[in-house]
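Trainee: In numbering that gives the first Met the number 0, the protein residues as written are 0 to 412.
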Amino acid sequence: MSDRASEAARIARAQLPEGLRPETLAVRTALAPSQHGENSEGLFLTSAFVQPDAATSARRFAQMEDFTYARTSNPTVRSLEQRLAAMEGAEGAVATSTGMSAILLLIMGLLKAGDHVVCSRSVFGSTLSLFGKEFAKFGVETSFVSQTDIGEWRAAMKPGTKLLFAETPTNPLTEVCDIRTLADLAHDAGALLTVDNTFCSPALQRPLALGADLVMHAGTKYLDGQGRVMAGALCGANRLIVDVFGPTLRTAGMTLAPFNAWVVLKGLETLSLRMKAQSQATLHVARWLEKHPAVARVHYPALASHPQHALAMSQQSGMGGAVVSFDVRAGTPEQAREAAFKVIDGTRVLSIATNLGDTKSIITHPASTSHGRLSEAQRLASGIGQGLVRLAVGLEHVDDITDDLQRGLSTLT
Ligand SMILES: *Cc1c(COP(=O)(O)O)cnc(C)c1O
């Protein structure tokens with residue numbers, strides 16, 4: 000080998016040894032570095048890729064290999080896809096512009112008019128609207144069922160059921176469903192199970208290992224982890240990722256921007272550390288809230304009082320994640336809303352915002368924000384009352400978080 004060639008071989012770390020652990024894959028999986036040997040993955044802000052000659056260009060366009068045009072793929076985006084797939088234990092992944100566009104890609108790629116979906120009625124608010132309103136316009140019908148009652152899922156199955164869609168734990172009540180049981184139900188009917196793994200991330204929960212066919216992510220949340228960019232992804236077998244979703248994405252253009260891909264790629268390197276630290280802090284906050292006289296009920300999977308505590312602990316690496324919600328003690332819905340607003344407005348450190356998965360802790364009133372577009376009946380069916388407050392715990396000192404909650408809760412007495 001020439002000096003140049005041996006140097007290139009030395010810096011190209013794309014061929015990692017077998018058996019690396021998830022934390023290592025999160026730091027190391029990516030395309031090989033360029034000829035410059037950059038140790039932090041490069042950001043390729045380019046929409047087109049120059050081809051060596053017309054024949055190669057023709058072949059690459061026909062076979063979708065290498066890089067041609069960034070709506071189809073970009074090296075920074077590809078590095079993110081490979082890293083996330085490795086962490087989920089998936090053959091492949093396709094990155095999208097937002098979490099919602101990942102679900103749009105899922106349905107556009109997989110289903111056609113007349114197909115039927117079974118979906119938990121406790122999923123993310125925009126997911127409910129996307130299935131219930133938008134996809135219904137195109138003849139894809141969705142039955143919404145209980146998050147936790149497998150009997151309702153079974154009863155909703157029809158000959159045309161092609162997809163089961165679940166999110167666990169849910170936003171904001173952290174209800175947990177049994178991924179393996181839902182996967183068996185889907186497969187017995189020749190359908191696929193997709194799990195929205197946004198809340199746990201692969202650091203805590205790997206749905207594919209439990210039988211799910213596809214994992215969906217809002218990368219906007221923990222994968223970025225620092226509240227900077229929007230992103231989404233689907234992970235699964237290449238017969239779906241490459242053969243089904245690749246062509247749909249290339250045509251319809253839910254493509255992730257390279258800059259956002261680069262931000263999330265670097266976010267993944269600290270995902271495991273953040274998820275563990277934030278889960279630990281959230282358990283502390285949840286126990287503190289459970290003892291507070293102004294709090295009627297706390298929803299958090301790592302509490303023994305959670306209805307699916309044992310299932311959650313077995314599915315989520317023994318951790319609860321970083322979202323906890325609680326009901327303030329109050330009478331009528333109007334009084335409950337007023338009390339929840341007072342608690343939120345009484346805090347001075349927590350951000351009043353509608354996001355989660357940030358280093359900055361965020362306090363939210365779900366009934367008037369994330370779930371504000373639902374009817375009161377839909378909200379009640381989902382168990383989201385006017386007195387419910389959601390806290391997405393970040394990386395501040397945990398005592399500063401409980402001190403701030405006390406500032407808010409003390410306004411009620
Ligand atoms: C935020 C979120 C989404 C949607 O993701 P966007 O990036 O906001 O489009 C979907 N599912 C869950 C569980 C979420 O928290």
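Yeah, the Cβ is synthetic: ideal placement off N, Cα and C, and Gly gets one too.
From the DSSP output, in three-state form, read off phenylalanine 130 for me.
Mentor: Within the sequence shown, residue 130 is the residue found at index 131, counting from 1. It is helical.
Trainee: Please classify isoleucine 362 as buried or exposed, where buried requires at least 16 other C-beta atoms within 10 Å of its C-beta.
Mentor: Counted from its first residue, the sequence shown places residue 362 at position 363. By the neighbour-count rule (16 or more Cβ atoms within 10 Å), isoleucine 362 is buried.
Trainee: Near leucine 127, which residues of its chain fall below 6 Å by C-beta distance, leaving aside the five closest residues on each side in sequence?
Mentor: If you number the sequence shown from 1, residue 127 lands on position 128. Excluding sequence neighbours, leucine 127 sits near nothing in its chain.
Trainee: Would you call alanine 92 buried or exposed, if buried means 16 or more other Cβ atoms sit within 10 Å of its Cβ?
Mentor: Locating residue 92 in the sequence shown gives position 93, counting from the first residue. Alanine 92 is buried by the Cβ-count criterion.
Trainee: Any heavy atom of ligand 1 within a distance shorter than 7 Å of the CB on leucine 125?
Mentor: Residue numbering aside, residue 125 sits at position 126 when the sequence shown is read from its first letter. This sequence places serine at residue 125; leucine is not what is there. Yes, the Cβ of serine 125 comes within 7 Å of a heavy atom of ligand 1.
Trainee: Hey, valine 434 and isoleucine 102: beta-carbon distance below 8 Å or not?
Mentor: In the structure displayed, the chain extends from 0 to 412; residue 434 sits before or after that span and is not available.
Trainee: Determine the direct distance from the alpha carbon of threonine 141 to that of alanine 135, and round the result to whole angstroms.
Mentor: In the sequence shown, residue 135 corresponds to position 136, counting from 1. In the sequence shown, residue 141 corresponds to position 142, counting from 1. So the alpha carbons of these two residues sit roughly 7 Å apart.
Trainee: Can you name the start and end residues of the alpha helix (DSSP H) that lysine 275 belongs to?
Mentor: Against the sequence shown, residue 275 aligns to sequence position 276. From DSSP, the alpha helix (DSSP H) with lysine 275 extends over 270-289.
Trainee: Quick one: what does DSSP say histidine 396 is sitting in, helix, strand or coil?
Mentor: Reading the sequence shown from its first residue, position 397 is the one you call residue 396. Correct three-state label for histidine 396: coil.
Trainee: For isoleucine 351, is the classification buried or exposed, using 16 other Cβ atoms within 10 angstroms of its Cβ as the cut-off for buried?
Mentor: Numbered from its first residue, the sequence shown carries residue 351 at position 352. Exposed: under 16 other Cβ atoms inside 10 Å.
Trainee: Is it true that the CB of threonine 75 sits closer than 8 Å to the CB of glycine 41?
Mentor: Here residue 41 corresponds to residue number 42 of the sequence shown, with the count starting at 1. Here residue 75 corresponds to residue number 76 of the sequence shown, with the count starting at 1. Yes; because the gap between Cβ atoms is below 8 Å, this pair is in contact.
Trainee: Using the C-alpha atoms, what's the distance from threonine 23 back to arginine 296?
Mentor: The residue you call residue 296 lines up with position 297 of the sequence shown. The residue you call residue 23 lines up with position 24 of the sequence shown. C-alpha separation (whole angstroms): 39 Å.
Trainee: Scan the stretch 350-394 and note each continuous beta strand (DSSP E) run of 3 residues or more that stays entirely inside, going in chain order.
Mentor: Correct list: 361-363, 387-391.
Trainee: Compute the beta-carbon to beta-carbon distance between phenylalanine 325 and valine 294, rounded to the nearest angstrom, for a pair I have assumed lies under 8 Å.
Mentor: Counting from 1 along the sequence shown, the entry for residue 325 is found at position 326. Counting from 1 along the sequence shown, the entry for residue 294 is found at position 295. So it is a contact: roughly 5 Å between Cβ atoms.
Trainee: Thinking alanine 418 and glycine 384 are a contact (beta carbons under 8 Å), I'd like their distance in whole angstroms, please.
Mentor: A query on residue 418 cannot be resolved here, the shown segment of the chain reaching from 0 to 412 and no further.
Trainee: Quick one: give me the first and last residue of the alpha helix (DSSP H) that threonine 23 is part of.
Mentor: The residue you call residue 23 lines up with position 24 of the sequence shown. Taken as a continuous stretch (DSSP letters only), the alpha helix (DSSP H) holding threonine 23 covers 21-27.
Trainee: Please report the distance separating the alpha-carbon of valine 117 from that of glutamate 166.
Mentor: Mapped onto the sequence shown, residue 117 falls at position 118. Mapped onto the sequence shown, residue 166 falls at position 167. Cα-Cα distance, rounded: 12 Å.
Trainee: Under three-state DSSP, which class holds methionine 0?
Mentor: For the purposes of this step, residue 0 is identified with residue 1 of the sequence shown, where counting begins at 1. The predicted model places methionine 0 with a pLDDT of 46, which falls under 50 and marks its position as unreliable; any figure quoted below should be read in that light. If DSSP states are grouped into helix, strand and coil, methionine 0 belongs with coil.
Trainee: Using the C-alpha atoms, what's the distance from valine 144 back to leucine 172?
Mentor: On the sequence shown, residue 172 is found 173 positions in, with the first residue counted as 1. On the sequence shown, residue 144 is found 145 positions in, with the first residue counted as 1. Near 16 Å, if we compare the C-alpha coordinates of valine 144 and leucine 172.
Trainee: Going by Cα to Cα distance, which pick from Ser33, Leu233, His396, Ser119 is closest to asparagine 170?
Mentor: For the purposes of this step, residue 170 is taken as residue 171 along the sequence shown, with counting starting at 1. Here the closest residue by C-alpha is Ser119.
Trainee: Taking the CB atoms as reference points, tell me whether serine 46 and tyrosine 68 lie closer together than 8 Å.
Mentor: Here the question's residue 46 lines up with position 47 in the sequence shown. Here the question's residue 68 lines up with position 69 in the sequence shown. Against a cut-off of 8 Å, the Cβ pair of tyrosine 68 and serine 46 comes out as a contact.
Trainee: Is histidine 413 helix, strand or coil when you go by DSSP?
Mentor: In the structure as shown, the chain starts at 0 and stops at 412, and residue 413 therefore has no counterpart that could be examined.
Trainee: Compute every distance between the C-beta of leucine 109 and the non-hydrogen atoms of ligand 1, then say whether any falls below 7 Å.
Mentor: Here residue 109 is taken as the residue at index 110 of the sequence shown, counted from 1. Every heavy atom of ligand 1 is 7 Å or more from the Cβ of leucine 109, so no.
Trainee: State buried or exposed for histidine 396, treating a residue as buried only when at least 16 other CB atoms are found within 10 Å of its CB.
Mentor: Counting from 1 along the sequence shown, the entry for residue 396 is found at position 397. That one is exposed.
Trainee: With a 10 Å radius around its C-beta and 16 neighbouring C-beta atoms as the bar for buried, classify valine 243 as buried or exposed.
Mentor: As a position in the sequence shown, residue 243 is number 244, starting the count at 1. Buried.
Trainee: Relative to ligand 1, is the shortest distance from any of its heavy atoms to the C-beta of aspartate 357 smaller than 7 Å?
Mentor: Here residue 357 refers to the residue found at position 358 of the sequence shown. Answer for aspartate 357: no, Cβ out of range of ligand 1.
Trainee: Where does glycine 91 sit, in a helix, a strand or coil, going by DSSP?
Mentor: The residue labelled residue 91 in the question sits at position 92 within the sequence shown. Here glycine 91 sits in strand by DSSP.
Trainee: Would you kindly report the start and end of the unbroken beta strand (DSSP E) that includes glutamate 337?
Mentor: Within the sequence shown, the letter at position 338 stands for residue 337. Careful: glutamate 337 lies outside any beta strand (DSSP E), inside the alpha helix (DSSP H) at 332-345.
Trainee: In chain order, what residues of the same chain have a beta carbon less than 8 Å from the beta carbon of proline 16, not counting five sequence neighbours either side?
Mentor: Mapped onto the sequence shown, residue 16 falls at position 17. If we look at proline 16 and ignore the five residues flanking it on each side, it has no Cβ neighbours.
Trainee: Fully enclosed by the stretch 155-211, which alpha helix (DSSP H) runs are 4 residues long or longer?
Mentor: Fully enclosed alpha helix (DSSP H) runs of 4 or longer: 178-187, 200-203.
Trainee: Using the rule of at least 16 other Cβ atoms within 10 Å of the residue's Cβ for burial, across every protein chain shown, is lysine 132 buried or exposed?
Mentor: What you label residue 132 is simply residue 133 of the sequence shown in a count that begins at 1. It counts as exposed.
Trainee: With burial defined as no fewer than 16 other Cβ atoms inside 10 Å of the residue's Cβ, what is the status of methionine 229: buried or exposed?
Mentor: One-based indexing of the sequence shown puts residue 229 at position 230. It is buried - the Cβ of methionine 229 has at least 16 other Cβ atoms within 10 Å.
Trainee: When you compare only the Cα positions, how much space is there between alanine 303 and arginine 347?
Mentor: Here residue 303 is taken as the residue at index 304 of the sequence shown, counted from 1. Here residue 347 is taken as the residue at index 348 of the sequence shown, counted from 1. Roughly 30 Å between the two C-alpha positions.
Trainee: Quick one: using the 10 Å Cβ neighbour count with 16 as the cut-off for buried, is glutamate 80 buried or exposed?
Mentor: As a working mapping, residue 80 is identified with position 81 in the sequence shown. Answer is buried; the Cβ neighbour count reaches 16.
Trainee: How would you call leucine 83, buried or exposed, if buried means at least 16 neighbouring beta carbons within 10 angstroms?
Mentor: Locating residue 83 in the sequence shown gives position 84, counting from the first residue. It is buried - the Cβ of leucine 83 has at least 16 other Cβ atoms within 10 Å.
Trainee: Taking 7 Å as the cut-off, does the CB of phenylalanine 143 come closer than this to any heavy atom belonging to ligand 1?
Mentor: The count along the sequence shown starts at 1 and reaches residue 143 at position 144. No, Cβ of phenylalanine 143 sits at least 7 Å from all heavy atoms of ligand 1.
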